[in-house]
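First to last, the sequence lines map onto chains X and B. Residue numbers for the first sequence follow our numbering, so the first one is 1 and each next one is one higher. Residue numbers for the second sequence follow our numbering, so the first one is 1001 and each next one is one higher.
There are 2 protein chains.
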Amino acid sequence: MLSQRARYAVKAMLNIARTPESASQVRSISDEEGIPRRFLEVIMVDLRRAGLVESARGKTGGYRLARPASLISFAEILRTIDGPLALLPCASRNFYARCADCPDTVHCALSLVLAEARDRMASVLEGTTLADADALDRRFQLLREVA
Amino acid sequence: MLSQRARYAVKAMLNIARTPESASQVRSISDEEGIPRRFLEVIMVDLRRAGLVESARGKTGGYRLARPASLISFAEILRTIDGPLALLPCASRNFYARCADCPDTVHCALSLVLAEARDRMASVLEGTTLADADALDRRFQLLREVA
DNA sequence: TTTAATCCCTATTAAAAGAGTAGGATTATG
DNA sequence: CATAATCCTACTCTTTTAATAGGGATTAAA
Chain X
1 MLSQRARYAV
11 KAMLNIARTP
21 ESASQVRSIS
31 DEEGIPRRFL
41 EVIMVDLRRA
51 GLVESARGKT
61 GGYRLARPAS
71 LISFAEILRT
81 IDGPLALLPC
91 ASRNFYARCA
101 DCPDTVHCAL
111 SLVLAEARDR
121 MASVLEGTTL
131 ADADALDRRF
141 QLLREVA
Chain B
1001 MLSQRARYAV
1011 KAMLNIARTP
1021 ESASQVRSIS
1031 DEEGIPRRFL
1041 EVIMVDLRRA
1051 GLVESARGKT
1061 GGYRLARPAS
1071 LISFAEILRT
1081 IDGPLALLPC
1091 ASRNFYARCA
1101 DCPDTVHCAL
1111 SLVLAEARDR
1121 MASVLEGTTL
1131 ADADALDRRF
1141 QLLREVA
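Here you go:
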């Protein structure tokens, strides 16, 4: 399960992606998405340190995506906030660590199964970007307006 | 990430699957797998209540698989101990719950992406049984003996 | 140059989850 | 009846998570 932080992070990133022309401010993001302002500030710092957003201070400051929305995947956001996607460290690619007890990490059925599961899941999350999600949400929005 | 409980549960189930002819006792499982005995007892009760193992009390008691190992999937074990495989309740099939904030659960890009990720991962975990893992581990065992 | 609005940094708190323990009740066998 | 197993409830300890608090640094605009 994702942490609340990760859910907030994704929502914030989607919010920012929606207005690429201007910087998005924490205050407005937190209002629009229903995220505690102070909490979101802390999360945004993590996203900035991870190189996913850029910040500007001062009166007209705020956050922008560090790259086009089509180059920021869900996987990257989730990994930044919650760490590995895999179900065990020994099945992780970006945060690999061998199990303390398991002497032979390569010849372990559990590790193999979980690695395969991770790869399948990761391929979806790596392959879907903020731009994809934004496009989808806009389409849903249209449908709602028609109905 | 899996909880320690879930990792222990899988290891215990694999241990039991290895000797289908006799009942496995908590004491021996905990010794062989390096799991705290008292802790494992609690875990086994959960597995029994979920219908994955059957127990016998008394002097020659112990645990057996409730079904053939080829009919017990990793998914079932993990779900029993850690709950949903999905990254959010709104993307879960067995523990579905709509998000409190998200008014329109069907037309939500995040939900769709996570559901797809869940399905891919779940198909691996549903499709792999204790028998599969056991067979694989036995093969690894042979390789080690040759070397 | 003042002001106000932003991001930024470090602590702190409160609640929940996770890991493991303890004691004793129940049940079956010999 | 003695023994050895599962079972049940409750408890402790630690870590993580969620959120808040106070103030400092920065910058654009009035």
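Beta carbons are placed, not taken as given, at the ideal position from N, Cα and C, and that holds for glycine.
- Task: Identify whether T129 (chain X) lies in helix, strand or coil by the three-state DSSP scheme.
- Result: As a position in the first sequence, residue 129 (chain X) is number 129, starting the count at 1. Correct three-state label for T129 (chain X): strand.
- Message: With a threshold of 8 Å between beta carbons, is P1020 (chain B) in contact with chain X?
- Response: The residue labelled residue 1020 (chain B) in the question sits at position 20 within the second sequence. No - not a single Cβ of chain X is within 8 Å of the one on P1020 (chain B).
- Task: Output, in sequence order along the chain, the residues in the stretch 1110–1122 of chain B whose CB is closer than 9 Å to any CB in chain X.
- Result: L1110, L1112, V1113, L1114, E1116, A1117, R1118, D1119, R1120, M1121 and A1122
- At a Cβ cut of 7 Å, what residues of the stretch 1056–1076 of chain B count as close to chain X, listed as they run along the chain? F1074
- Message: Can you pull the chain B neighbours of D46 (chain X), defined as C-beta to C-beta under 9 Å?
- Response: Taking the first residue of the first sequence as position 1, residue 46 (chain X) is located at position 46. Here the premise fails: no neighbours, minimum Cβ distance about 18 Å.
- For A1075 (chain B) versus A1122 (chain B), is the C-beta distance shorter than 8 Å? Here residue 1075 (chain B) refers to the residue found at position 75 when the second sequence is read from its first residue. Here residue 1122 (chain B) refers to the residue found at position 122 when the second sequence is read from its first residue. Closer than 8 Å, so yes.
- Message: Helix, strand or coil, according to DSSP, for L1087 (chain B) in the structure here?
- Response: Locating residue 1087 (chain B) in the second sequence gives position 87, where the first residue counts as 1. Of the three classes helix, strand and coil, the one that applies to L1087 (chain B) here is coil, per DSSP.
- Item | For A122 (chain X), the three-state DSSP class (helix, strand or coil) | One-based indexing of the first sequence puts residue 122 (chain X) at position 122. In this structure, A122 (chain X) counts as helix in the three-state DSSP scheme.
- Message: Let me see if you follow: with CB-CB separation under 8 Å, is D31 (chain X) close to chain B or not?
- Response: Mapped onto the first sequence, residue 31 (chain X) falls at position 31. No, D31 (chain X) lies away from the interface with chain B (no Cβ there is under 8 Å from its Cβ).
- Query: Can E33 (chain X) be considered in contact with the ligand PLP, in the sense that its beta carbon sits closer than 7 Å to one or more heavy atoms?
  - Reply: Ligands displayed in this structure: none; no statement on the ligand PLP is therefore possible.
- Item | Length of the line joining the Cα atoms of P89 (chain X) and Y96 (chain X) | For this step, residue 89 (chain X) is matched to residue 89 along the first sequence. For this step, residue 96 (chain X) is matched to residue 96 along the first sequence. Taking the straight line joining both Cα atoms gives about 5 Å.
- In chain B, which residues lie with their C-beta within 8 Å of the C-beta of V10 (chain X)? Within the first sequence, numbered from 1, the residue matching residue 10 (chain X) stands at position 10. Within 8 Å Cβ-Cβ: L1110.
- Query: If you scan the stretch 1054–1089 of chain B from start to end, which runs of the beta strand (DSSP E) of 3 or more residues do you find wholly inside it?
  - Reply: 1062–1065
- Task: Give the interface partners of F1140 (chain B) over in chain X, defined as CB-CB distance under 8 Å, in chain order.
- Result: By one-based count along the second sequence, residue 1140 (chain B) stands at place 140. Within 8 Å Cβ-Cβ: D104, H107, C108 and A109.
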